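Before any comments, here is the structure.
Protein chains in written order, with this note's numbering: chain U, 1 to 73; chain A, 1 to 266.
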């Protein structure tokens, strides 16, 4: 899926399946953080378009596939 | 030898053709290198991160293809068993693929390093090796002792949350947003818990160590890791009873600590 499709996007995370690899926070620190134990936190469920590319990169890089990105039409 | 064994075991469990085992090793190593690259702001570090993230995508793709193929034609491997199990009815394809990816990612780096560490440790304490060779029933506790003595799991992260300024540990102020590296390996040599902790003593009183973590973060693969290392070590003691270490390269990583190369001679 190419990032061009996400002009407006919505992001979900599944904290219960997160393994705290931190890959998302490296790919897109503006949108993804980590709590004390390293488990993913979401700063912006509706991130600005400028972060589209790195949000998709974060979702793809997650070894546990816990990040879902969907376009909002 | 030690690099290949755990990968081949996991690949065979998953029913992966032998020709692809090398790719498995490479994907896993690239994924693990993300953690290393993340702490290195140089272009090399950034390259490691990019390269590792691409490996995640490639491994997911590869396993997804394998999973879909098993849905067409079942075989006698772990992927097929999950396909035919009712458990998979309650899981999305994405979750199933992610579970396999994590199996490859989690088992391919740590167990080889534990094996490499065992080679190093037993060459340094040949009397302990002698004990193991003469009484194979000591191998399980021997490996636990090696694991205590120098575990591949030396550090763990904790992140100081924003707004938590004024945090203090042992008189040192920790600014908010900092990443703390907790040296859990040091607990395995705590003199208040272990007598003469720097000594490898396979007959010491057996008690839990932190090599496999604890609580909800305990290593899920610990039974496989124990089995693999026990079978491997017993075979090694038959084949090369008194090896010496010629050279050892510990590599740059202390995230998964252990030899990246170890040359031995019989």
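Glycine is no exception: its CB is placed at the ideal position from the N, C-alpha and C atoms. Bear in mind that the values here come from a model prediction, so they are computed numbers and not experimental data.
Could one say the Cβ of residue i lies closer than 9 Å to chain A's Cβ atoms, at least one of them?
i: residue 1 of chain U; result: Its pLDDT being 48, under 50, residue 1 of chain U is placed unreliably in this model, and the value from its coordinates should be taken loosely. Not closer than 9 Å to any Cβ of chain A, the Cβ of residue 1 of chain U fails to qualify, so no.
i: residue 13 of chain U; result: no
i: residue 62 of chain U; result: yes
i: residue 66 of chain U; result: yes
i: residue 35 of chain U; result: yes
i: residue 57 of chain U; result: yes
i: residue 38 of chain U; result: yes
i: residue 44 of chain U; result: no
i: residue 52 of chain U; result: no
i: residue 22 of chain U; result: yes
Taking the C-alpha atoms as reference points, what is the distance between residue i and residue j?
i: residue 169 of chain A; j: residue 34 of chain U; result: 20 Å
i: residue 98 of chain A; j: residue 196 of chain A; result: 43 Å
i: residue 263 of chain A; j: residue 19 of chain U; result: 34 Å
i: residue 50 of chain U; j: residue 58 of chain U; result: 14 Å
i: residue 248 of chain A; j: residue 120 of chain A; result: 8 Å
i: residue 61 of chain A; j: residue 46 of chain U; result: 27 Å
i: residue 24 of chain U; j: residue 139 of chain A; result: 40 Å
i: residue 252 of chain A; j: residue 246 of chain A; result: 19 Å
i: residue 205 of chain A; j: residue 87 of chain A; result: 41 Å
i: residue 184 of chain A; j: residue 210 of chain A; result: 7 Å
i: residue 1 of chain U; j: residue 125 of chain A; result: Only weak support is given to the placement of residue 1 of chain U: the predicted model assigns it a pLDDT of 48, under 50, and the value that follows is read from those uncertain coordinates. The straight-line gap from Cα to Cα measures roughly 55 Å.
i: residue 3 of chain A; j: residue 50 of chain A; result: 24 Å
i: residue 236 of chain A; j: residue 105 of chain A; result: 26 Å
i: residue 8 of chain U; j: residue 44 of chain U; result: 12 Å
i: residue 177 of chain A; j: residue 161 of chain A; result: 5 Å
i: residue 64 of chain A; j: residue 93 of chain A; result: 8 Å
i: residue 71 of chain A; j: residue 83 of chain A; result: 6 Å
i: residue 41 of chain U; j: residue 37 of chain A; result: 21 Å
i: residue 224 of chain A; j: residue 40 of chain A; result: 33 Å
On the CB-based measure, 16 or more other CB atoms within 10 Å of its CB, does residue i come out buried or exposed?
i: residue 12 of chain U; result: exposed
i: residue 28 of chain U; result: buried
i: residue 73 of chain A; result: exposed
i: residue 214 of chain A; result: exposed
i: residue 240 of chain A; result: exposed
i: residue 181 of chain A; result: exposed
i: residue 15 of chain U; result: exposed
i: residue 19 of chain A; result: exposed
i: residue 266 of chain A; result: exposed
Would you say residue i lies against chain U (beta-carbon separation less than 9 Å)?
i: residue 214 of chain A; result: no
i: residue 60 of chain A; result: yes
i: residue 7 of chain A; result: no
i: residue 254 of chain A; result: no
i: residue 98 of chain A; result: yes
i: residue 79 of chain A; result: no
i: residue 52 of chain A; result: yes
i: residue 87 of chain A; result: no
i: residue 23 of chain A; result: no
i: residue 159 of chain A; result: yes
i: residue 16 of chain A; result: no
i: residue 101 of chain A; result: yes
i: residue 49 of chain A; result: yes
i: residue 125 of chain A; result: no
In the DSSP assignment, the beta strand (DSSP E) including residue i goes from what residue to what residue?
i: residue 8 of chain A; result: No beta strand (DSSP E) contains residue 8 of chain A, which is instead part of the alpha helix (DSSP H) from 4-14.
i: residue 119 of chain A; result: Careful: residue 119 of chain A lies outside any beta strand (DSSP E), inside the alpha helix (DSSP H) at 93-124.
i: residue 141 of chain A; result: That residue, residue 141 of chain A, is in no beta strand (DSSP E); its alpha helix (DSSP H) goes 139-149.
i: residue 9 of chain U; result: 9-13
i: residue 253 of chain A; result: No beta strand (DSSP E) holds residue 253 of chain A; DSSP gives it neither H nor E.
i: residue 49 of chain U; result: Looking at the DSSP string, residue 49 of chain U is not in any beta strand (DSSP E), and its letter there is neither H nor E.
i: residue 181 of chain A; result: 179-182
For residue i, is the beta carbon positioned less than 8 Å from some heavy atom of the ligand ATP?
i: residue 234 of chain A; result: The ligand ATP is absent from the structure shown, which contains no ligand whatsoever.
At what residues does the alpha helix (DSSP H) containing residue i begin and finish?
i: residue 60 of chain U; result: 52-61
i: residue 24 of chain U; result: 23-27
i: residue 46 of chain A; result: 43-72
i: residue 229 of chain A; result: 222-239
i: residue 136 of chain A; result: Looking at the DSSP string, residue 136 of chain A is not in any alpha helix (DSSP H), and its letter there is neither H nor E.
i: residue 37 of chain A; result: 21-38
i: residue 80 of chain A; result: 78-84
Could you tell me whether the segment 26-37 of chain A touches the segment 55-63 of chain A, where touching means 3 or more Cβ pairs closer than 8 Å? A contact exists between the segment 26-37 of chain A and the segment 55-63 of chain A.
Does the pairing of the segment 11-22 of chain A with the segment 66-73 of chain U give three or more beta-carbon distances under 8 Å? Two segments are said to touch when three or more pairs of C-beta atoms, one from each, lie closer than 8 Å; by this definition the segment 11-22 of chain A does not touch the segment 66-73 of chain U.
Determine contact between the segment 105-113 of chain A and the segment 257-264 of chain A, defined as no fewer than three beta-carbon pairs at a distance below 8 Å. As far as the Cβ criterion goes, the segment 105-113 of chain A touches the segment 257-264 of chain A, which means the pair count is three or higher.
Per the contact definition of three or more C-beta pairs closer than 8 Å, is the segment 154-167 of chain A in contact with the segment 122-137 of chain A? Too few Cβ pairs lie closer than 8 Å, so no.
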